[in-house]
Amino acid sequence: MQTTQELPLALKRLTEEVKAKRGQEVAERFERCLANTWNTTLKPQGDGTTFVITGDIPAMWLRDSAAQVRPFLTASEDPEIGGLIEGVVRRQFDCLLRDPYANAFNETDNGNGHQGDETDSTPWIWERKYEIDSLCYPIQLAYLLWKNAGRTSQFDDRFRQGVRLIIGTWKTEQDHEHASTYRFVRRSGAPTDTLKRDGKGTETARTGMTWSGFRPSDDACEYGYLVPSNAFAVVVLGYAAEIARDVLGDAALAESAESLAEEIRGGIERGGVAEHPEFGRLYAYEADGLGSFNLMDDANVPSLLSLPYLGYCEAQDPMYRATRAFVLSRQNPYFYEGSAAAGIGSPHTPPDYIWPIALAMQAMTAEEADERERLLELLMRTDGGTGYMHEGFHADRPEEFTRPWFSWANMMFCELALMCSGIVVKR
14 MQTTQELPLA LKRLTEEVKA KRGQEVAERF ERCLANTWNT TLKPQGDGTT
64 FVITGDIPAM WLRDSAAQVR PFLTASEDPE IGGLIEGVVR RQFDCLLRDP
114 YANAFNETDN GNGHQGDETD STPWIWERKY EIDSLCYPIQ LAYLLWKNAG
164 RTSQFDDRFR QGVRLIIGTW KTEQDHEHAS TYRFVRRSGA PTDTLKRDGK
214 GTETARTGMT WSGFRPSDDA CEYGYLVPSN AFAVVVLGYA AEIARDVLGD
264 AALAESAESL AEEIRGGIER GGVAEHPEFG RLYAYEADGL GSFNLMDDAN
314 VPSLLSLPYL GYCEAQDPMY RATRAFVLSR QNPYFYEGSA AAGIGSPHTP
364 PDYIWPIALA MQAMTAEEAD ERERLLELLM RTDGGTGYMH EGFHADRPEE
414 FTRPWFSWAN MMFCELALMC SGIVVKR
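In the numbering used here, the protein residues as written are 14 to 440.
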(Lines of atoms letter the chains of each structure in order from A; the text may use other names.)
(Lines give C-alpha, C1' and ligand atoms only; values in the text may rest on other atoms or scores of the structure.)
Protein backbone atom coordinates (compact mmCIF):
# COMPACT_ATOMS: atom_id res chain seq x y z
CA MET A 14 0.00 0.00 0.00
CA GLN A 15 2.82 2.40 0.82
CA THR A 16 6.50 2.20 1.62
CA THR A 17 7.91 3.03 5.02
CA GLN A 18 10.85 4.70 3.25
CA GLU A 19 8.53 7.66 2.64
CA LEU A 20 8.47 8.46 6.36
CA PRO A 21 10.36 11.58 7.50
CA LEU A 22 13.64 10.96 9.29
CA ALA A 23 12.17 12.06 12.64
CA LEU A 24 9.51 9.32 12.42
CA LYS A 25 12.03 6.70 11.37
CA ARG A 26 14.04 7.64 14.47
CA LEU A 27 10.94 6.85 16.53
CA THR A 28 10.87 3.42 14.92
CA GLU A 29 14.48 2.85 15.92
CA GLU A 30 13.66 3.80 19.52
CA VAL A 31 10.75 1.36 19.56
CA LYS A 32 12.99 -1.33 18.07
CA ALA A 33 15.62 -0.75 20.76
CA LYS A 34 13.03 -1.11 23.54
CA ARG A 35 10.50 -3.57 22.10
CA GLY A 36 12.34 -5.55 19.43
CA GLN A 37 12.08 -6.00 15.69
CA GLU A 38 8.55 -7.43 15.43
CA VAL A 39 6.82 -4.63 17.35
CA ALA A 40 8.96 -2.01 15.58
CA GLU A 41 7.99 -3.33 12.16
CA ARG A 42 4.30 -3.24 13.05
CA PHE A 43 4.71 0.24 14.54
CA GLU A 44 6.39 1.56 11.39
CA ARG A 45 3.83 -0.09 9.12
CA CYS A 46 0.90 1.48 10.96
CA LEU A 47 2.63 4.85 11.23
CA ALA A 48 3.39 4.88 7.49
CA ASN A 49 -0.17 3.90 6.67
CA THR A 50 -1.48 7.08 8.27
CA TRP A 51 1.33 9.35 7.09
CA ASN A 52 1.17 8.25 3.45
CA THR A 53 -2.54 7.61 2.87
CA THR A 54 -4.63 9.97 5.02
CA LEU A 55 -2.86 13.35 5.25
CA LYS A 56 -3.46 15.86 2.45
CA PRO A 57 -1.61 19.20 2.79
CA GLN A 58 -3.57 22.02 1.16
CA GLY A 59 -2.44 25.12 -0.68
CA ASP A 60 -3.72 27.37 2.10
CA GLY A 61 -1.40 25.83 4.71
CA THR A 62 -4.05 23.60 6.27
CA THR A 63 -4.02 19.79 6.33
CA PHE A 64 -7.09 17.79 5.31
CA VAL A 65 -7.23 14.32 6.91
CA ILE A 66 -9.39 11.49 5.58
CA THR A 67 -10.39 8.61 7.86
CA GLY A 68 -9.15 6.07 5.34
CA ASP A 69 -12.02 4.49 3.42
CA ILE A 70 -14.22 7.62 3.50
CA PRO A 71 -13.06 10.80 1.69
CA ALA A 72 -14.18 13.12 4.51
CA MET A 73 -12.52 14.68 7.56
CA TRP A 74 -13.90 13.89 10.99
CA LEU A 75 -12.82 16.40 13.65
CA ARG A 76 -12.38 13.54 16.14
CA ASP A 77 -10.56 11.04 13.96
CA SER A 78 -8.22 13.60 12.42
CA ALA A 79 -6.92 14.60 15.85
CA ALA A 80 -6.55 11.00 17.02
CA GLN A 81 -4.83 10.00 13.79
CA VAL A 82 -1.97 12.49 14.21
CA ARG A 83 -1.59 12.25 17.99
CA PRO A 84 1.46 9.88 18.00
CA PHE A 85 3.21 12.29 15.61
CA LEU A 86 3.22 14.82 18.46
CA THR A 87 6.16 12.93 19.99
CA ALA A 88 8.22 14.10 16.99
CA SER A 89 6.50 17.47 16.48
CA GLU A 90 9.61 19.52 17.25
CA ASP A 91 10.61 18.52 13.71
CA PRO A 92 9.47 21.45 11.49
CA GLU A 93 7.84 19.26 8.83
CA ILE A 94 5.84 17.21 11.33
CA GLY A 95 4.97 20.15 13.56
CA GLY A 96 3.87 22.15 10.53
CA LEU A 97 1.67 19.36 9.27
CA ILE A 98 -0.04 19.03 12.66
CA GLU A 99 -0.53 22.79 12.85
CA GLY A 100 -2.19 22.51 9.45
CA VAL A 101 -4.60 19.94 10.89
CA VAL A 102 -5.47 22.31 13.74
CA ARG A 103 -6.08 25.20 11.35
CA ARG A 104 -8.30 23.05 9.14
CA GLN A 105 -10.26 21.80 12.16
CA PHE A 106 -11.01 25.34 13.31
CA ASP A 107 -11.93 26.37 9.76
CA CYS A 108 -14.42 23.49 9.76
CA LEU A 109 -16.02 24.11 13.14
CA LEU A 110 -16.36 27.82 12.38
CA ARG A 111 -18.46 26.77 9.38
CA ASP A 112 -20.75 24.76 11.64
CA PRO A 113 -20.12 23.65 15.25
CA TYR A 114 -22.87 21.03 14.96
CA ALA A 115 -21.20 19.06 12.15
CA ASN A 116 -18.94 16.09 12.81
CA ALA A 117 -17.47 15.49 9.35
CA PHE A 118 -16.52 17.82 6.49
CA ASN A 119 -15.73 17.70 2.79
CA GLU A 120 -12.43 18.82 1.27
CA THR A 121 -14.31 21.44 -0.80
CA ASP A 122 -17.91 22.59 -1.03
CA ASN A 123 -18.62 19.60 -3.28
CA GLY A 124 -21.87 18.49 -1.65
CA ASN A 125 -20.64 14.95 -0.95
CA GLY A 126 -21.94 12.92 1.95
CA HIS A 127 -25.33 12.83 3.62
CA GLN A 128 -27.07 15.75 1.96
CA GLY A 129 -30.50 14.14 2.34
CA ASP A 130 -30.54 14.40 6.14
CA GLU A 131 -33.15 16.68 7.67
CA THR A 132 -30.89 19.24 9.34
CA ASP A 133 -29.31 22.59 8.43
CA SER A 134 -26.48 21.30 6.27
CA THR A 135 -24.31 22.91 3.55
CA PRO A 136 -22.20 21.52 0.66
CA TRP A 137 -19.11 21.72 2.91
CA ILE A 138 -20.58 19.20 5.36
CA TRP A 139 -20.31 15.44 4.90
CA GLU A 140 -22.44 14.73 7.98
CA ARG A 141 -24.09 16.93 10.61
CA LYS A 142 -24.35 14.65 13.63
CA TYR A 143 -23.75 16.81 16.69
CA GLU A 144 -21.17 15.24 19.02
CA ILE A 145 -19.53 17.01 21.95
CA ASP A 146 -16.19 15.34 21.29
CA SER A 147 -16.02 16.85 17.80
CA LEU A 148 -15.51 20.22 19.50
CA CYS A 149 -13.15 18.85 22.16
CA TYR A 150 -10.54 17.32 19.88
CA PRO A 151 -9.45 20.49 18.03
CA ILE A 152 -8.76 22.29 21.33
CA GLN A 153 -6.91 19.24 22.64
CA LEU A 154 -4.73 18.93 19.54
CA ALA A 155 -3.86 22.65 19.53
CA TYR A 156 -2.92 22.46 23.22
CA LEU A 157 -0.84 19.28 22.87
CA LEU A 158 1.04 20.77 19.93
CA TRP A 159 2.01 23.67 22.21
CA LYS A 160 3.12 21.35 25.02
CA ASN A 161 5.06 18.96 22.77
CA ALA A 162 6.57 21.29 20.15
CA GLY A 163 6.47 24.66 21.88
CA ARG A 164 4.39 26.08 19.01
CA THR A 165 1.91 28.85 19.63
CA SER A 166 1.24 30.06 16.07
CA GLN A 167 -1.87 27.85 15.93
CA PHE A 168 -3.46 30.13 18.53
CA ASP A 169 -4.55 32.68 15.97
CA ASP A 170 -7.80 34.61 15.56
CA ARG A 171 -9.54 31.52 14.15
CA PHE A 172 -8.64 29.65 17.31
CA ARG A 173 -9.97 32.43 19.56
CA GLN A 174 -13.21 32.68 17.54
CA GLY A 175 -13.53 28.90 17.56
CA VAL A 176 -13.19 28.59 21.31
CA ARG A 177 -15.80 31.29 21.84
CA LEU A 178 -18.13 29.46 19.46
CA ILE A 179 -17.54 26.15 21.24
CA ILE A 180 -18.27 27.67 24.65
CA GLY A 181 -21.42 29.32 23.31
CA THR A 182 -22.59 26.06 21.73
CA TRP A 183 -22.02 24.07 24.90
CA LYS A 184 -23.84 26.67 26.98
CA THR A 185 -26.80 26.56 24.59
CA GLU A 186 -26.87 22.78 24.79
CA GLN A 187 -26.96 22.84 28.59
CA ASP A 188 -30.64 23.64 28.00
CA HIS A 189 -31.27 21.61 24.88
CA GLU A 190 -35.02 21.39 25.50
CA HIS A 191 -35.60 25.15 25.33
CA ALA A 192 -32.54 26.92 23.92
CA SER A 193 -31.39 24.71 21.05
CA THR A 194 -32.60 24.73 17.44
CA TYR A 195 -30.55 21.66 16.47
CA ARG A 196 -32.48 18.77 14.93
CA PHE A 197 -31.33 15.70 13.03
CA VAL A 198 -33.45 13.17 11.13
CA ARG A 199 -32.24 10.51 8.69
CA ARG A 200 -35.14 8.66 7.09
CA SER A 201 -33.05 5.78 5.71
CA GLY A 202 -30.52 3.52 7.38
CA ALA A 203 -30.21 2.15 10.89
CA PRO A 204 -32.33 3.50 13.78
CA THR A 205 -29.08 4.61 15.45
CA ASP A 206 -28.53 7.08 12.60
CA THR A 207 -31.40 9.35 13.60
CA LEU A 208 -32.69 11.15 16.70
CA LYS A 209 -36.07 10.46 18.25
CA ARG A 210 -38.84 13.02 18.84
CA ASP A 211 -38.65 14.28 15.26
CA GLY A 212 -34.92 14.90 15.52
CA LYS A 213 -34.70 16.45 18.99
CA GLY A 214 -33.59 13.33 20.88
CA THR A 215 -35.00 11.83 24.04
CA GLU A 216 -36.18 14.24 26.71
CA THR A 217 -33.67 15.74 29.15
CA ALA A 218 -33.70 18.03 32.18
CA ARG A 219 -30.98 20.53 33.05
CA THR A 220 -28.09 19.18 35.09
CA GLY A 221 -25.13 21.44 34.27
CA MET A 222 -23.85 18.94 31.71
CA THR A 223 -24.07 19.78 28.01
CA TRP A 224 -26.20 17.74 25.61
CA SER A 225 -24.95 15.54 22.76
CA GLY A 226 -27.04 14.09 19.95
CA PHE A 227 -24.55 11.38 19.01
CA ARG A 228 -21.73 9.32 20.48
CA PRO A 229 -18.14 9.28 19.16
CA SER A 230 -19.22 6.15 17.25
CA ASP A 231 -21.64 8.41 15.31
CA ASP A 232 -24.51 6.38 16.84
CA ALA A 233 -27.40 8.25 18.44
CA CYS A 234 -27.29 8.71 22.20
CA GLU A 235 -29.92 6.85 24.20
CA TYR A 236 -29.91 9.68 26.74
CA GLY A 237 -28.66 13.17 25.94
CA TYR A 238 -25.98 13.63 28.59
CA LEU A 239 -23.02 11.59 27.36
CA VAL A 240 -20.86 11.46 30.48
CA PRO A 241 -17.37 10.68 29.04
CA SER A 242 -17.77 13.40 26.42
CA ASN A 243 -18.80 15.87 29.11
CA ALA A 244 -15.68 14.84 31.06
CA PHE A 245 -13.58 15.52 27.96
CA ALA A 246 -15.23 18.95 27.66
CA VAL A 247 -14.18 19.75 31.24
CA VAL A 248 -10.56 18.89 30.40
CA VAL A 249 -10.35 20.90 27.18
CA LEU A 250 -12.05 23.91 28.76
CA GLY A 251 -9.17 23.83 31.22
CA TYR A 252 -6.77 23.78 28.27
CA ALA A 253 -8.62 26.69 26.66
CA ALA A 254 -8.42 28.70 29.88
CA GLU A 255 -4.66 28.08 30.16
CA ILE A 256 -4.10 29.11 26.53
CA ALA A 257 -6.28 32.21 26.91
CA ARG A 258 -4.46 33.27 30.05
CA ASP A 259 -0.84 32.35 29.23
CA VAL A 260 -0.68 32.80 25.45
CA LEU A 261 -3.53 35.04 24.31
CA GLY A 262 -3.66 37.29 27.38
CA ASP A 263 -7.46 37.08 27.27
CA ALA A 264 -8.67 37.01 30.87
CA ALA A 265 -12.35 37.15 29.87
CA LEU A 266 -12.06 34.08 27.66
CA ALA A 267 -10.16 32.21 30.39
CA GLU A 268 -12.85 33.04 32.94
CA SER A 269 -15.62 31.97 30.58
CA ALA A 270 -13.93 28.61 29.94
CA GLU A 271 -13.23 27.96 33.61
CA SER A 272 -16.77 28.86 34.65
CA LEU A 273 -18.34 26.48 32.14
CA ALA A 274 -15.91 23.70 33.09
CA GLU A 275 -16.99 24.04 36.71
CA GLU A 276 -20.67 23.85 35.73
CA ILE A 277 -20.20 20.75 33.60
CA ARG A 278 -18.02 19.00 36.20
CA GLY A 279 -20.69 19.67 38.82
CA GLY A 280 -23.30 18.27 36.46
CA ILE A 281 -21.29 15.08 35.98
CA GLU A 282 -20.81 14.53 39.70
CA ARG A 283 -24.49 15.26 40.45
CA GLY A 284 -26.24 13.82 37.43
CA GLY A 285 -23.82 11.38 35.81
CA VAL A 286 -23.08 9.02 38.71
CA ALA A 287 -25.14 5.87 39.32
CA GLU A 288 -25.25 3.24 42.06
CA HIS A 289 -24.55 -0.30 40.85
CA PRO A 290 -25.53 -3.26 43.08
CA GLU A 291 -22.21 -5.03 42.49
CA PHE A 292 -19.68 -2.26 41.75
CA GLY A 293 -21.06 0.59 43.85
CA ARG A 294 -20.90 4.24 42.77
CA LEU A 295 -19.65 4.60 39.22
CA TYR A 296 -19.90 6.89 36.21
CA ALA A 297 -22.81 6.16 33.90
CA TYR A 298 -22.23 6.23 30.17
CA GLU A 299 -25.33 8.36 29.59
CA ALA A 300 -27.97 10.09 31.71
CA ASP A 301 -31.02 12.25 31.07
CA GLY A 302 -31.28 14.34 34.23
CA LEU A 303 -34.67 12.73 34.89
CA GLY A 304 -33.36 9.71 36.78
CA SER A 305 -32.50 7.38 33.89
CA PHE A 306 -28.99 6.03 33.31
CA ASN A 307 -27.39 3.94 30.58
CA LEU A 308 -24.79 1.69 32.18
CA MET A 309 -22.38 0.54 29.47
CA ASP A 310 -19.22 1.61 27.72
CA ASP A 311 -18.32 1.89 24.06
CA ALA A 312 -14.96 1.31 22.38
CA ASN A 313 -14.89 4.75 20.79
CA VAL A 314 -13.04 7.55 22.61
CA PRO A 315 -14.11 9.44 24.69
CA SER A 316 -15.24 6.46 26.72
CA LEU A 317 -15.52 5.78 30.42
CA LEU A 318 -12.43 3.60 30.16
CA SER A 319 -10.49 6.55 28.72
CA LEU A 320 -11.14 9.07 31.55
CA PRO A 321 -7.50 9.05 32.85
CA TYR A 322 -6.15 9.13 29.28
CA LEU A 323 -8.24 12.22 28.63
CA GLY A 324 -7.03 13.80 31.86
CA TYR A 325 -10.33 13.93 33.75
CA CYS A 326 -9.13 11.81 36.68
CA GLU A 327 -6.26 9.60 37.78
CA ALA A 328 -6.27 5.85 37.16
CA GLN A 329 -6.14 5.40 40.95
CA ASP A 330 -9.34 7.40 41.51
CA PRO A 331 -11.78 5.15 43.45
CA MET A 332 -14.81 5.96 41.28
CA TYR A 333 -12.79 5.39 38.12
CA ARG A 334 -11.58 2.05 39.48
CA ALA A 335 -15.18 1.01 40.14
CA THR A 336 -16.22 2.19 36.68
CA ARG A 337 -13.31 0.37 35.06
CA ALA A 338 -14.16 -2.86 36.87
CA PHE A 339 -17.72 -2.58 35.57
CA VAL A 340 -16.87 -1.81 31.94
CA LEU A 341 -14.33 -4.65 31.81
CA SER A 342 -16.91 -7.14 33.08
CA ARG A 343 -19.87 -9.00 31.61
CA GLN A 344 -22.11 -6.42 33.26
CA ASN A 345 -21.12 -4.08 30.40
CA PRO A 346 -23.30 -5.29 27.50
CA TYR A 347 -20.49 -4.51 25.04
CA PHE A 348 -17.72 -6.43 26.80
CA TYR A 349 -17.02 -9.62 24.88
CA GLU A 350 -14.96 -12.70 25.74
CA GLY A 351 -13.80 -15.35 23.30
CA SER A 352 -11.06 -17.88 22.74
CA ALA A 353 -8.79 -15.30 21.09
CA ALA A 354 -9.44 -12.17 23.15
CA ALA A 355 -11.59 -10.34 25.68
CA GLY A 356 -12.36 -6.65 25.45
CA ILE A 357 -14.84 -3.90 24.71
CA GLY A 358 -16.74 -3.65 21.46
CA SER A 359 -19.53 -1.37 20.30
CA PRO A 360 -23.16 -1.40 19.17
CA HIS A 361 -21.69 0.14 16.01
CA THR A 362 -20.30 -3.28 14.99
CA PRO A 363 -21.68 -6.85 15.27
CA PRO A 364 -21.91 -8.68 18.63
CA ASP A 365 -18.71 -10.39 19.80
CA TYR A 366 -16.49 -7.99 17.86
CA ILE A 367 -13.72 -6.46 20.01
CA TRP A 368 -12.14 -3.13 19.04
CA PRO A 369 -8.34 -2.66 18.99
CA ILE A 370 -8.96 0.98 20.00
CA ALA A 371 -10.49 -0.26 23.26
CA LEU A 372 -7.68 -2.78 23.87
CA ALA A 373 -5.08 -0.05 23.38
CA MET A 374 -7.03 2.26 25.70
CA GLN A 375 -7.32 -0.47 28.33
CA ALA A 376 -3.54 -0.82 28.17
CA MET A 377 -2.76 2.89 28.30
CA THR A 378 -5.00 3.40 31.36
CA ALA A 379 -3.74 0.30 33.19
CA GLU A 380 -2.05 0.74 36.55
CA GLU A 381 0.14 -2.33 36.10
CA ALA A 382 2.86 -2.70 33.46
CA ASP A 383 2.02 -6.40 33.09
CA GLU A 384 -1.46 -5.52 31.79
CA ARG A 385 0.02 -3.15 29.21
CA GLU A 386 2.47 -5.79 28.04
CA ARG A 387 -0.24 -8.44 27.74
CA LEU A 388 -2.48 -6.17 25.70
CA LEU A 389 0.33 -5.04 23.39
CA GLU A 390 1.02 -8.69 22.62
CA LEU A 391 -2.71 -9.35 22.16
CA LEU A 392 -2.95 -6.57 19.58
CA MET A 393 0.04 -8.02 17.73
CA ARG A 394 -1.59 -11.44 17.35
CA THR A 395 -5.17 -10.42 16.55
CA ASP A 396 -4.56 -8.49 13.32
CA GLY A 397 -5.97 -11.30 11.16
CA GLY A 398 -2.63 -11.63 9.39
CA THR A 399 -2.88 -8.20 7.76
CA GLY A 400 -0.23 -6.29 9.69
CA TYR A 401 -2.79 -3.56 10.50
CA MET A 402 -5.34 -2.82 13.20
CA HIS A 403 -9.02 -3.08 12.33
CA GLU A 404 -12.21 -1.44 13.52
CA GLY A 405 -13.32 -4.65 15.25
CA PHE A 406 -12.50 -8.37 15.13
CA HIS A 407 -14.36 -11.48 16.27
CA ALA A 408 -13.45 -12.58 19.80
CA ASP A 409 -12.99 -16.20 18.63
CA ARG A 410 -11.84 -15.62 15.06
CA PRO A 411 -9.60 -12.55 14.61
CA GLU A 412 -9.39 -13.24 10.87
CA GLU A 413 -13.01 -12.02 10.74
CA PHE A 414 -12.93 -8.23 11.07
CA THR A 415 -14.54 -4.97 10.01
CA ARG A 416 -12.46 -2.54 7.90
CA PRO A 417 -9.21 -4.01 6.49
CA TRP A 418 -7.33 -1.11 8.07
CA PHE A 419 -8.51 1.71 10.27
CA SER A 420 -6.19 4.69 10.71
CA TRP A 421 -7.42 5.63 14.20
CA ALA A 422 -6.84 2.08 15.45
CA ASN A 423 -3.44 1.92 13.78
CA MET A 424 -2.37 5.07 15.56
CA MET A 425 -3.71 3.90 18.92
CA PHE A 426 -1.46 0.86 18.53
CA CYS A 427 1.44 3.19 17.72
CA GLU A 428 0.79 5.33 20.78
CA LEU A 429 0.71 2.22 22.98
CA ALA A 430 3.96 0.95 21.45
CA LEU A 431 5.54 4.34 22.18
CA MET A 432 4.27 4.28 25.77
CA CYS A 433 5.71 0.79 26.27
CA SER A 434 8.99 2.19 24.94
CA GLY A 435 8.99 5.06 27.45
CA ILE A 436 7.87 7.71 24.94
CA VAL A 437 4.68 9.58 25.80
CA VAL A 438 2.72 12.54 24.48
CA LYS A 439 3.31 15.44 26.90
CA ARG A 440 0.30 17.24 28.31
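No residue lacks a Cβ here, since even glycine has one placed at the ideal position from N, Cα and C.
Endpoints, the beta strand (DSSP E) within which residue i is located
i: His407; result: 405 to 407
i: Ala287; result: 286 to 289
i: Gly356; result: 355 to 357
Backbone secondary structure at residue i - three-state DSSP
i: Glu386; result: helix
i: Phe426; result: helix
i: Trp139; result: strand
i: Tyr296; result: strand
i: Thr336; result: helix
i: Thr28; result: helix
i: Ala40; result: helix
i: Glu120; result: coil
i: Glu381; result: coil
i: Thr17; result: Low confidence applies here, because Thr17 scores a pLDDT of 48, under 50, leaving its location unreliable; read the following figure in that light. In this structure, Thr17 counts as helix in the three-state DSSP scheme.
i: Trp418; result: coil
Start and end residues, alpha helix (DSSP H) containing residue i
i: Phe372; result: The question names Phe, yet the displayed sequence has Leu at residue 372. Where Leu372 is concerned, the enclosing alpha helix (DSSP H) stretches over 369 to 377.
i: Val102; result: 92 to 111
i: Tyr349; result: That residue, Tyr349, is in no alpha helix (DSSP H); its beta strand (DSSP E) goes 348 to 350.
i: Pro321; result: 320 to 323
Pair within 8 Å by beta-carbon distance, residue i and residue j
i: Gln81; j: Val65; result: yes
i: Asp122; j: Trp139; result: no
i: Ser359; j: Arg35; result: no
i: Pro363; j: Leu392; result: no
i: Leu318; j: Asp330; result: no
i: Arg141; j: Ala162; result: no
i: Tyr150; j: Val248; result: no
i: Leu389; j: Ala376; result: yes
i: Ile98; j: Leu148; result: no
i: Arg42; j: Thr132; result: no
i: Phe227; j: Tyr333; result: no
i: Ala267; j: Ala254; result: yes
i: Glu413; j: Phe419; result: no
i: Ile493; j: Val340; result: Since the displayed the chain opens at 14 and closes at 440, residue 493 lies outside it and no answer follows.
i: Pro417; j: Thr395; result: no
i: Trp421; j: Asp77; result: yes
i: Gly284; j: Thr220; result: yes
i: Leu75; j: Ile180; result: no
i: Gln153; j: Ala79; result: yes
Closest Cα partner of residue i within the set the options
i: Gly202; options: Asp231, Cys427, Ala48; result: Asp231
i: Ala335; options: Phe292, Asp211, Leu273, Gly226; result: Phe292
i: Thr165; options: Ser272, Gly356, Cys427, Ala257; result: Ala257
i: Asp188; options: Gly214, Ala218, Gln153; result: Ala218
i: Thr63; options: Trp421, Phe106, Arg394; result: Phe106
i: Arg278; options: Tyr296, His289, Cys427; result: Tyr296
i: Lys32; options: Glu44, Ala312, Leu273; result: Glu44
i: Arg385; options: Met432, Leu109, Thr223, Asp170; result: Met432
i: Gly68; options: Asn423, Val437, Asn313; result: Asn423
i: Glu126; options: Trp224, Arg199, Asn345; result: First, the amino acid is wrong: residue 126 is Gly here, not Glu. Ranking Trp224, Arg199, Asn345 by Cα distance to Gly126 puts Arg199 first.
i: Thr182; options: Lys439, Asp146, Thr207; result: Asp146
i: Lys56; options: Leu323, Glu255, Asn119, Phe306; result: Asn119
i: Pro113; options: Asp130, Gly175, Met425; result: Gly175
i: Gly59; options: Glu235, Asp77, Thr50, Arg104; result: Arg104
i: Val314; options: Gly280, Thr415, Tyr298; result: Tyr298
i: Glu186; options: Asp211, Lys160, Ala155, Leu239; result: Leu239
i: Glu404; options: Thr415, Gly398, Gly397; result: Thr415
i: Met425; options: Thr50, Leu22, Gln37, Arg26; result: Thr50
Heavy atom of the ligand FMN within 7 Å of residue i beta-carbon
i: Ser420; result: No copy of the ligand FMN appears in this structure; indeed no ligand is present at all.
Next item on the list: Within the segment 48 to 85, note down every full beta strand (DSSP E) run reaching 3 residues or more, in order along the chain.
Entry: Listed in chain order, the beta strand (DSSP E) elements of length 3 or more contained wholly in the segment 48 to 85 are 55 to 57, 63 to 65.
Next item on the list: Tell me the start and end of each unbroken beta strand (DSSP E) in the segment 225 to 290 that is at least 3 residues and wholly inside, in chain order.
Entry: Here the runs fully enclosed are 286 to 289.
Item checked: Start-end ranges of the alpha helix (DSSP H) lying completely within the segment 138 to 221, minimum 4 residues -> Along the segment 138 to 221, the alpha helix (DSSP H) occurs as fully enclosed runs of 4 or more residues at 145 to 162, 170 to 185, 189 to 192, 209 to 212, listed in sequence order.
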